[in-house]
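Okay, so here's the structure we're looking at.
In the numbering used here, the protein residues as written are 30 to 276.
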């Protein structure tokens, strides 16, 4: 995408040291999902639609949130169509449909359990609460900082604010499709009464991590960002092992 090898190396380092990146070796599907997301977005930018379809299928089959790739890949297809270079539409259509098919496959697998095919969307209802307006949830989060939840949901607000800023900057630093994907993931993540696991969902919004890598351009800033990320990584991992933090 026109960036240097140093920026690519920094992006890899930040993905590995992101505060919630310890889940990549826990019993979570984030590692598989992120491989699919990165592959789908990169392949779409190179107009390798069938590879993009494979990445979208893998990402959404690993985690239903991967369906956010569908509108992002649709944006890439629209750009090619408007430029008059679409050619045969089957590849782009496959790329757009693949994430939806991946979620469908995951839900079909979920029918093996008594909870029903929609269990992946409802099983955490008792923990995360009902869906809420993300904007009002952010506003309420300010109150959590000074209320009884200051060591609960209040701790997630700084991460939420940083993620929102990075998502906005993603539209300036990366292709529109990257920003579309990141915003959809963050809106879905912030639309819950309980913000537990927000940091993990922020990692799912992979383009915001890439944006952070571009912002840490100087050696001094890079060291500060990597140090803060590493401290967050160790802290959240330790809290998770102690049962204080829900990743």
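No residue lacks a Cβ here, since even glycine has one placed at the ideal position from N, Cα and C.
Indicate the three-state DSSP secondary structure (helix, strand or coil) for residue i in the structure shown.
i	result
residue 221	strand
residue 160	strand
residue 54	helix
residue 114	coil
residue 103	helix
residue 151	helix
residue 76	coil
residue 251	helix
residue 165	helix
residue 228	helix
residue 274	coil
residue 245	coil
residue 192	helix
residue 199	helix
residue 92	coil
residue 121	helix
residue 47	coil
residue 206	helix
residue 30	coil
Can you tell which of the options has the C-alpha that lies nearest to the C-alpha of residue i?
i	options	result
residue 86	61, 104 and 215	61
residue 165	223, 66 and 43	223
residue 128	259, 103 and 236	103
residue 196	248, 238 and 116	238
residue 213	67, 90, 101 and 138	101
residue 185	221, 151 and 225	225
residue 131	99, 40 and 242	99
residue 187	91, 267 and 227	227
residue 125	167, 267 and 88	88
Once you ignore the five residues that flank residue i on each side, which residues in its own chain have a CB closer than 6 Å to its CB?
i	result
residue 229	49, 52 and 276
residue 200	208
residue 80	72
residue 269	276
residue 234	211, 214 and 215
Hey, how far is the Cα of residue i from the Cα of residue j?
i	j	result
residue 69	residue 255	27 Å
residue 264	residue 273	11 Å
residue 257	residue 271	21 Å
residue 58	residue 253	29 Å
residue 260	residue 84	31 Å
residue 149	residue 140	10 Å
residue 64	residue 55	16 Å
residue 262	residue 135	30 Å
residue 198	residue 243	10 Å
residue 82	residue 112	21 Å
residue 249	residue 240	17 Å
residue 138	residue 247	47 Å
residue 119	residue 37	32 Å
residue 90	residue 169	33 Å
Give me, in chain order, the residues of the same chain whose beta-carbon lies closer than 7 Å to that of residue i; leave out the 5 immediate sequence neighbours on both sides.
i	result
residue 42	255
residue 251	39 and 245
residue 67	235
Given residue i, which residues of its chain have a CB within under 8 Å of its CB, disregarding the five upstream and five downstream residues?
i	result
residue 161	220, 221 and 222
Does the beta-carbon of residue i, which I'm using as the reference point, lie nearer than 7 Å to any heavy atom of the ligand NAD?
i	result
residue 105	The ligand NAD is not part of the structure shown, which contains no ligands of any sort.
Stretch pair the region 194 to 205 + the region 83 to 100: three plus CB contacts closer than 8 Å
The region 194 to 205 vs the region 83 to 100: no contact.
Should the region 71 to 80 be regarded as contacting the region 186 to 197, the criterion being three or more beta carbon pairs within less than 8 Å?
Touching, no.
At a cut of 8 Å, does the region 207 to 217 reach the region 32 to 41 through at least three beta carbon pairs?
No, the region 207 to 217 does not touch the region 32 to 41.
Taking 8 Å as the threshold, find out whether the region 40 to 48 comes into contact with the region 104 to 120 through three or more Cβ pairs.
No: fewer than three Cβ pairs fall under 8 Å.
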